[in-house]
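Undergrad: After the structure tokens below, expect a handful of questions from me.
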């Protein structure tokens with residue numbers, strides 16, 4: 001076992017001390033260069049890494065064969081823009097585009113091997129040494145005629161798809177011309193530029209959104225055989241100012257107590273943007289992310305305020321440090337990240353209950369008769385195990401209860417009775433825990449107290465007397481007893497019945513309702529002045545049931561009048577007398593006579609009423625001197641439309657009319673009819689028919705009446721009805 005451990009440790013030591021050489025990726029490989037090229041340029045970009053993370057330096061070890069042109073050389077250089085090493089072709093005497101000094105002669109040199117070596121800070125060198133093969137393409141050349149170059153653009157004026165720069169390319173060997181293609185890369189990386197097939201470098205977006213200057217655009221062109229890369233430097237003017245949080249540039253730290261109240265201020269942030277018209281938007285990220293809801297950033301005030309969220313608190317025992325990262329954007333550029341370090345300080349914290357409210361249920365009872373366990377679980381934010389003291393807070397009737405300070409068991413401190421609402425059936429209590437440092441925590445306890453059946457129904461009298469007589473109907477109520485039960489719920493509900501042992505005769509003539517009422521059920525063979533005494537029980541619905549008792553004296557007696565009466569008397573009689581007498585018939589002779597006389601009187605009154613109704617129907621009056629013609633009862637003919645026969649009087653018409661008017665005025669009935677309209681009103685006498693008068697002329701004419709016939713006035717003779725005249 002010891003040997004294994006030793007070997008393992010030794011292995012670790014050896015591995016830790018191992019130093020790896022830098023690695024050049026992608027070699028060996030080959031590139032093509034045109035015979036007619038005269039400008040020095042980058043021909044290959046190296047990709048190098050070091051597993052130990054050491055810094056390194058790369059250089060050309062050798063080249064084989066050496067270039068025939070002494071002005072030509074291969075070198076490994078570093079690009080200051082992107083920090084990468086590359087293999088460069090150098091011409092010490094380039095000449096001009098019109099009189100170039102070309103670098104190679106294809107007839108005598110077609111291939112070169114360039115060996116590259118990299119050495120790290122530990123002086124470890126790449127081994128074996130890789131190489132890059134350079135192939136010369138006969139009589140060919142691909143070159144940029146206007147790169148490398150620098151261009152300046154106004155960021156606010158350069159819109160998306162505007163041309164930033166147009167590169168120009170010369171392809172010497174047109175037989176190899178398969179069409180030129182372009183590509184670009186930028187340092188630092190940017191999405192602000194693009195290039196089309198014609199070599200136009202375009203703004204891929206409004207350059208006001210670009211926040212870096214200068215930007216190096218690496219343009220690559222190829223005809224399918226030779227690849228050439230050159231650089232365009234883009235300088236931007238009138239750039240958008242990048243917003244920032246000025247008081248977070250140095251990543252400050254704050255220290256907050258874990259007892260910091262919720263919604264308290266943690267830090268004020270000062271935002272700034274050189275463009276006064278810009279609207280700034282802030283974002284915040286919390287590490288650890290699980291506590292993101294612990295913080296709130298109020299952006300409605302200036303400066304901004306970072307606060308502890310409402311209803312939240314720090315917990316030192318859970319998290320002691322927070323890393324909060326902010327960014328700010330003006331919709332064109334984003335500033336940041338800006339970092340605030342929040343350290344939480346440990347504090348002595350109060351104990352607390354695992355729940356805010358506990359509910360218990362029990363029954364009323366005597367002092368000390370119950371033991372309720374709320375199941376308190378007490379915790380302390382400090383994470384230490386210590387003793388706690390439990391007690392009730394004053395108020396809400398807490399003096400009626402006791403609590404064990406250690407276990408939290410609850411009991412009655414006094415006899416607890418909820419009957420008649422003497423004490424509440426629902427109690428709301430507050431309990432506290434207190435740790436050894438004096439810190440306290442609170443919780444609520446709700447106790448629901450239920451009634452027990454500890455009271456029997458009680459009648460308001462120990463004895464009742466009820467009466468029945470010969471007029472009491474079978475099944476009639478003769479009396480009601482009153483009982484109460486001071487319990488509650490079903491314990492206070494009860495029903496009434498006979499006692500378990502009763503005189504059999506009681507159940508024959510009387511019955512007891514569940515509502516404690518007494519009913520008369522039979523008078524068969526029951527003699528007057530018979531007293532039947534029985535026990536009446538009120539039994540509640542509690543468990544176990546309780547029973548209250550009273551006594552009822554049921555007395556059957558003879559009533560002295562025809563009025564049916566039922567009387568109830570409460571008495572303190574304690575003796576019981578039971579007598580049996582001959583059965584009663586129920587109705588006496590005097591009662592029968594009274595019924596007969598009443599029937600006769602009713603018939604007479606009914607006949608008189610019918611007579612008056614007939615008179616009113618015919619004459620319009622219930623009574624009066626006019627006779628009733630029942631043959632024409634209720635007829636209301638309208639005779640105003642009948643054509644009257646004109647009879648020429650013996651005397652002058654004026655005299656006849658005068659006498660007729662005088663006669664009418666003397667008549668008891670007609671004298672009151674002053675106009676024609678009244679004679680045909682509903683209150684006037686309808687025209688009578690005189691069957692003994694002959695008809696005049698054809699049958700369609702009406703029968704003559706005394707007023708239509710030729711007449712001679714004589715001394716009037718007054719009788720009831722019309723005056724007597726001579727026809």
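Residue numbers (full-length UniProt numbering): 1 to 727.
Cβ coordinates follow ideal geometry from the N, Cα and C atoms, glycine included.
Tell me, to the nearest whole angstrom, how far the beta carbon of residue 169 is from that of residue 201; I am working on the premise that it is less than 8 angstroms.
TA: Residue 169 to residue 201, Cβ: 13 angstroms. No contact.
Undergrad: Assuming residue 508 is part of the alpha helix (DSSP H), what are its boundary residues?
TA: Taken as a continuous stretch (DSSP letters only), the alpha helix (DSSP H) holding residue 508 covers 504–509.
Undergrad: Is DSSP giving residue 185 helix, strand or coil here?
TA: DSSP places residue 185 in strand when its eight states are reduced to three.
Undergrad: How many angstroms separate the CA atom of residue 422 from the CA atom of residue 488?
TA: Going by the C-alpha atoms only, they are around 12 angstroms apart.
Undergrad: Contact between the stretch 330–339 and the stretch 411–420: three or more CB pairs below 8 angstroms?
TA: They do not touch, by the three-pair rule.
Undergrad: How long is the line joining the alpha carbons of residue 585 and residue 518, rounded to whole angstroms?
TA: Low local confidence applies: a pLDDT of 41 at residue 585 is under 50, so the model's placement there is unreliable, with the coordinate-based value given in what follows. Their Cα atoms are separated by approximately 24 angstroms.
Undergrad: So is residue 20 buried or exposed if we call it buried at 16+ other beta carbons inside 10 Å?
TA: Looking at its Cβ environment, which holds fewer than 16 other Cβ atoms inside 10 Å, residue 20 is exposed.
Undergrad: Going by other Cβ atoms of all chains shown within 10 Å of its Cβ, with 16 needed for buried, is residue 393 buried or exposed?
TA: The residue in question, residue 393, is exposed, as its Cβ has fewer than 16 Cβ neighbours within 10 Å.
Undergrad: Any idea if residue 127 is buried or exposed, counting beta-carbon neighbours within 10 angstroms, 16 or more meaning buried?
TA: It is exposed - the Cβ of residue 127 has fewer than 16 other Cβ atoms within 10 Å.
Undergrad: Comparing the CB of residue 276 with every heavy atom of the ligand SAH, is any distance shorter than 7 angstroms?
TA: Ligands displayed in this structure: none; no statement on the ligand SAH is therefore possible.
Undergrad: Look up residue 364 in the DSSP assignment and say whether it is helix, strand or coil.
TA: If DSSP states are grouped into helix, strand and coil, residue 364 belongs with coil.
Undergrad: Tell me where the beta strand (DSSP E) around residue 122 begins and ends.
TA: Counting along the chain, residue 122 falls outside any beta strand (DSSP E), and DSSP gives it neither H nor E.
Undergrad: Quick one: grab the DSSP three-state call for residue 233.
TA: Three-state result, residue 233: strand.
Undergrad: Which residues mark the beginning and the end of the beta strand (DSSP E) in which residue 45 is found?
TA: Looking at the DSSP string, the run of the beta strand (DSSP E) that includes residue 45 is 41–45.
Undergrad: When you compare the CB positions of residue 274 and residue 353, do they come within less than 8 angstroms of one another, or not?
TA: Not a contact, by the Cβ cut-off of 8 angstroms.
Undergrad: Could you compute how far the alpha carbon of residue 355 sits from the alpha carbon of residue 545?
TA: Rounded to whole angstroms, residue 355 to residue 545 spans 40 angstroms at the Cα level.
Undergrad: Looking only at its chain, what residues have a beta carbon closer than 7 angstroms to the beta carbon of residue 367, apart from the 5 residues adjacent to it on each side?
TA: Around residue 367: 412, 413, 414 and 415.
Undergrad: Using the three-state DSSP reduction, which class does residue 308 fall into: helix, strand or coil?
TA: The answer is strand: DSSP assigns residue 308 an E or B state.
Undergrad: Could you pull the DSSP bridge partners for residue 75 from this structure?
TA: 88, per the DSSP bridge assignment.
Undergrad: Residue 601: buried (16+ other C-beta within 10 angstroms of its C-beta) or exposed?
TA: Exposed is the call here.
Undergrad: What residue from 498, 534 and 470 has the CA that sits closest to residue 557's CA?
TA: Minimum Cα distance to residue 557 is reached at 470.
Undergrad: Taking the alpha carbon of residue 405 as the reference point, which residue from 427, 434 and 185 has its own alpha carbon closest?
TA: Among 427, 434 and 185, the Cα nearest to that of residue 405 belongs to 434.
Undergrad: May I ask you to report which of helix, strand or coil DSSP gives residue 330?
TA: It is coil, neither helix nor strand.
Undergrad: In this structure, how does DSSP classify residue 287 when only helix, strand and coil are distinguished?
TA: Note: residue 287 maps to strand in three-state DSSP.
Undergrad: Rounding to the nearest angstrom, what Cα-Cα distance links residue 370 and residue 452 in this structure?
TA: Roughly 13 angstroms between the two C-alpha positions.
Undergrad: Identify, in the order they occur along the chain, each residue of the same chain with its Cβ nearer than 8 angstroms to the Cβ of residue 188, setting aside the five sequence neighbours on each side.
TA: Contacts found: 212 and 215.
Undergrad: For the stretch 114–177, which segments carrying the beta strand (DSSP E) assignment without a break, of at least 3 residues, lie completely within its bounds, in sequence order?
TA: Counting whole runs of 3 or more residues, the stretch 114–177 contains the beta strand (DSSP E) stretches 131–137, 142–144, 149–154, 163–166 and 169–171.
Undergrad: The beta strand (DSSP E) that contains residue 32, what's its start and end?
TA: Counting along the chain, the beta strand (DSSP E) containing residue 32 begins and ends at 29–34.
Undergrad: Any chance the stretch 252–269 sits against the stretch 179–194, with 3 or more Cβ pairs inside 8 angstroms?
TA: No contact exists between the stretch 252–269 and the stretch 179–194.
Undergrad: Quick one: residues in its chain with C-beta nearer than 8 angstroms to the C-beta of residue 157, no 5 flanking neighbours on either side, listed in chain order?
TA: Contacts found: 238.
Undergrad: Considering residue 297, what are the terminal residues of the beta strand (DSSP E) in which it resides?
TA: Residues 295–298.
Undergrad: Does residue 430 get closer than 8 angstroms to chain B when you measure Cβ to Cβ?
TA: No chain B is present in this structure, which holds just one protein chain.
Undergrad: Measuring alpha carbon to alpha carbon, tell me which residue in 372, 323 and 63 is nearest residue 130.
TA: The shortest Cα separation from residue 130 among 372, 323 and 63 belongs to 63.
Undergrad: Whose C-alpha, out of 256, 438 and 342, is nearest the C-alpha of residue 380?
TA: Here the closest residue by C-alpha is 438.
Undergrad: So, helix, strand or coil for residue 265, using DSSP?
TA: Strand, per DSSP.
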